[in-house]
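Student: In my numbering, the protein residues as written are 566 to 867. Cβ coordinates follow ideal geometry from the N, Cα and C atoms, glycine included.
1. Return helix, strand or coil for residue 615, following the three-state DSSP convention.
2. At the level of alpha carbons, what is the spacing between residue 686 and residue 742?
3. Output the distance between the C-alpha atoms of residue 617 and residue 582, rounded to the nearest integer angstrom.
4. Counting only runs that start and end within the segment 664-702, where is the beta strand (DSSP E) found for 3 or more residues in a row?
5. Does the separation of the CB atoms of residue 623 and residue 751 fall below 9 Å?
6. Across which residues does DSSP place residue 781 in a beta bridge pair?
7. On the DSSP bridge assignment, give the partners of residue 662 in chain order.
8. Would residue 733 and residue 629 be called neighbours here (beta carbons separated by less than 9 Å)?
9. Residue 695 and residue 843 look like a contact to me (Cβ under 8 Å); what is the Cβ gap, rounded to whole Å?
10. Measuring CB to CB, does residue 832 end up less than 9 Å from residue 719?
11. Going straight from the alpha carbon of residue 859 to that of residue 803, what length do you get?
12. With the cut-off set at 9 Å, would you say residue 841 and residue 632 are in Cβ contact?
13. For residue 692 versus residue 658, is the C-beta distance shorter than 9 Å?
14. Assign residue 828 to one of three DSSP states: helix, strand, or coil.
15. Helix, strand or coil for residue 836? Go by DSSP, reduced to three states.
16. Determine the direct distance from the alpha carbon of residue 671 to that of residue 834, and round the result to whole angstroms.
17. Are there three or more Cβ pairs, one per stretch, closer than 8 Å when the segment 775-786 is compared with the segment 807-824?
18. Just list the residues that DSSP pairs residue 729 with in beta bridges.
19. Using the beta-carbon count (16 or more within 10 Å), is residue 771 buried or exposed?
20. Residues in the same chain with beta-carbon distance under 7 Å from residue 793, minus the five sequence neighbours each way, listed in chain order, please.
21. Just list the alpha helix (DSSP H) runs in the segment 711-762, keeping only unbroken ones of 4 residues or longer that don't cross its boundaries, in chain order.
22. Mind checking whether residue 708 and residue 845 have CB atoms under 9 Å apart?
23. Should residue 739 and residue 849 be called a contact, given that it needs their Cβ atoms to be closer than 9 Å?
24. Taking the alpha carbon of residue 730 as the point to measure from, which residue in 619, 851, 607 and 587 has its own alpha carbon closest?
25. What does the alpha-carbon distance come out to for the pair residue 767 and residue 609?
26. Apply the 10 Å Cβ neighbour rule to residue 836 and answer buried if 16 or more other Cβ atoms are within range, or exposed otherwise.
27. Relative to the C-alpha of residue 654, which residue among 648, 644 and 660 is closest?
28. When the Cα atoms are used, what is the spatial distance from residue 578 to residue 789?
29. Provide the residue span of the alpha helix (DSSP H) that contains residue 607, from first to last.
30. Would you tell me roughly how many angstroms separate the C-alpha atoms of residue 791 and residue 862, rounded to the nearest one?
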């Protein structure tokens with residue numbers, strides 16, 4: 566869990582993912598010598614803060630976004646949300662500007678957010694939820710499990726992956742943006758016809774903790790049923806516990822795949838969390854284990 570704890574401690578609000586990207590590159594370079602296949606790495610300024618790892622002869626790509634929700638400082642103590650953070654008055658926020666470290670409180674209302682801090686914070690400063698990681702009673706609870714657990718799953722997948730793309734994308738929480746150029750690069754370099762979205766979904770009246778990884782049949786967007794049927798047949802074959810999600814709202818990097826000019830099937834597969842987009846996101850460790858196992862199985866069989 567030390568890798569995950571370090572990852573959870575990093576700030577990576579949409580549009581400011583460089584700290585997470587640099588840390589991931591360092592981890593990849595340190596660890597890939599022990600992986601079953603040594604990937605080709607694509608990163609740097611041509612890819613902004615996204616990272617692509619190409620293993621063997623890819624048939625499938627796994628996408629995990631590395632950004633989070635947060636807040637940006639405006640004027641007169643005002644805050645503007647980045648993505649869709651939950652408003653809970655009094656929540657501790659942290660960040661840094663040229664004058665030093667910041668630890669303040671969230672104030673106001675959902676429609677008019679402010680920070681409570683003894684001095685003015687520089688315009689454009691990003692603020693995030695203060696991190697408090699709790700692991701007990703079969704759960705992990707912390708800020709930004711969405712999508713730090715998706716990153717963790719994708720990174721674990723690299724250990725034994727022989728063929729496939731593992732892609733760490735950016736901007737997902739605030740409208741997307743990196744997926745079009747990432748997909749274009751993949752299709753020009755080693756094209757694929759299918760994709761899995763390594764992300765975190767919601768606990769709802771139909772999705773429960775400890776019941777397995779969630780395979781999403783739809784959110785706001787609808788994947789192709791022919792591909793879903795194939796994924797579900799393999800999921801049954803794997804004997805790994807899973808749940809089926811059907812929702813009318815929400816989205817992911819899957820939206821970008823579906824809206825692209827490429828004929829790529831996609832499916833969102835991930836553990837479910839309570840207290841979405843809050844400092845207290847909560848995920849079952851058993852569901853996280855099922856997610857990791859399901860990805861390893863599907864990437865061998867698809």
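Tutor: Quick answer:
1. Against the chain shown, residue 615 aligns to sequence position 50. Reduced to three states, the DSSP call for residue 615 is coil.
2. Position 121 of the chain shown, counted from the first residue, corresponds to residue 686. Position 177 of the chain shown, counted from the first residue, corresponds to residue 742. Between residue 686 and residue 742, the C-alpha separation is close to 28 Å.
3. Locating residue 617 in the chain shown gives position 52, where the first residue counts as 1. Locating residue 582 in the chain shown gives position 17, where the first residue counts as 1. Their backbone Cα atoms lie some 15 Å apart in a straight line.
4. Assignment of beta strand (DSSP E) within the segment 664-702, counting only whole runs of 3 or more residues, yields 665-674, 677-681, 691-694 and 699-701 in chain order.
5. Position 58 of the chain shown, counted from the first residue, corresponds to residue 623. Position 186 of the chain shown, counted from the first residue, corresponds to residue 751. It is a contact, given that the beta carbons lie within the stated cut-off.
6. As a position in the chain shown, residue 781 is number 216, starting the count at 1. According to DSSP, which records beta bridges pairwise, residue 781 is partnered with 810.
7. Mapped onto the chain shown, residue 662 falls at position 97. Note: residue 662 sits in a beta bridge opposite 665.
8. Translated into the one-based positions of the chain shown, residue 733 becomes position 168. Translated into the one-based positions of the chain shown, residue 629 becomes position 64. Yes.
9. The count along the chain shown starts at 1 and reaches residue 695 at position 130. The count along the chain shown starts at 1 and reaches residue 843 at position 278. Their Cβ separation, rounded to whole angstroms, is 12 Å, which puts residue 695 and residue 843 out of contact at 8 Å.
10. Locating residue 832 in the chain shown gives position 267, where the first residue counts as 1. Locating residue 719 in the chain shown gives position 154, where the first residue counts as 1. Not closer than 9 Å, so no.
11. Translated into the one-based positions of the chain shown, residue 859 becomes position 294. Translated into the one-based positions of the chain shown, residue 803 becomes position 238. Going by the C-alpha atoms only, they are around 8 Å apart.
12. Counting from one through the chain shown, the residue named residue 841 turns up at place 276. Counting from one through the chain shown, the residue named residue 632 turns up at place 67. No, they are not a contact pair.
13. Within the chain shown, residue 692 is the residue found at index 127, counting from 1. Within the chain shown, residue 658 is the residue found at index 93, counting from 1. Yes. Within cutoff.
14. On the chain shown, residue 828 is found 263 positions in, with the first residue counted as 1. Coil at residue 828, not helix or strand.
15. The residue labelled residue 836 in the question sits at position 271 within the chain shown. Coil.
16. As a first step, residue 834 is located in the chain shown; it is residue number 269 there, counting from the start. As a first step, residue 671 is located in the chain shown; it is residue number 106 there, counting from the start. Approximately 33 Å, taken between the alpha carbons.
17. yes
18. Residue mapping note: residue 729 aligns to position 164 of the chain shown, counting from 1. DSSP, once it has assigned bridges, lists 620 as partnering residue 729.
19. Within the chain shown, numbered from 1, the residue matching residue 771 stands at position 206. So residue 771 ends up on the exposed side.
20. For the purposes of this step, residue 793 is taken as residue 228 along the chain shown, with counting starting at 1. The residues are 782 and 832.
21. 744-754
22. Here residue 708 is taken as the residue at index 143 of the chain shown, counted from 1. Here residue 845 is taken as the residue at index 280 of the chain shown, counted from 1. Their beta carbons are under 9 Å apart, which means residue 708 touches residue 845 by this criterion.
23. In the chain shown, residue 739 corresponds to position 174, counting from 1. In the chain shown, residue 849 corresponds to position 284, counting from 1. Note that the C-beta distance between residue 739 and residue 849 is not below 9 Å.
24. Within the chain shown, residue 730 is the residue found at index 165, counting from 1. When each option's Cα is compared against that of residue 730, the closest is 619.
25. On the chain shown, position 202 is the one that residue 767 refers to. On the chain shown, position 44 is the one that residue 609 refers to. As the crow flies, the alpha-carbon of residue 767 is around 33 Å from that of residue 609.
26. Reading the chain shown from its first residue, position 271 is the one you call residue 836. Looking at its Cβ environment, which holds 16 or more other Cβ atoms inside 10 Å, residue 836 is buried.
27. Reading the chain shown from its first residue, position 89 is the one you call residue 654. Minimum Cα distance to residue 654 is reached at 644.
28. Your numbering for residue 578 matches position 13 in the chain shown. Your numbering for residue 789 matches position 224 in the chain shown. Rounded to the nearest angstrom, the two C-alpha atoms are 31 Å apart.
29. For the purposes of this step, residue 607 is taken as the residue at position 42 of the chain shown. Element bounds for residue 607: not the alpha helix (DSSP H) but the beta strand (DSSP E), 605-607.
30. Reading the chain shown from its first residue, position 226 is the one you call residue 791. Reading the chain shown from its first residue, position 297 is the one you call residue 862. Whole-angstrom Cα-Cα distance: 19 Å.
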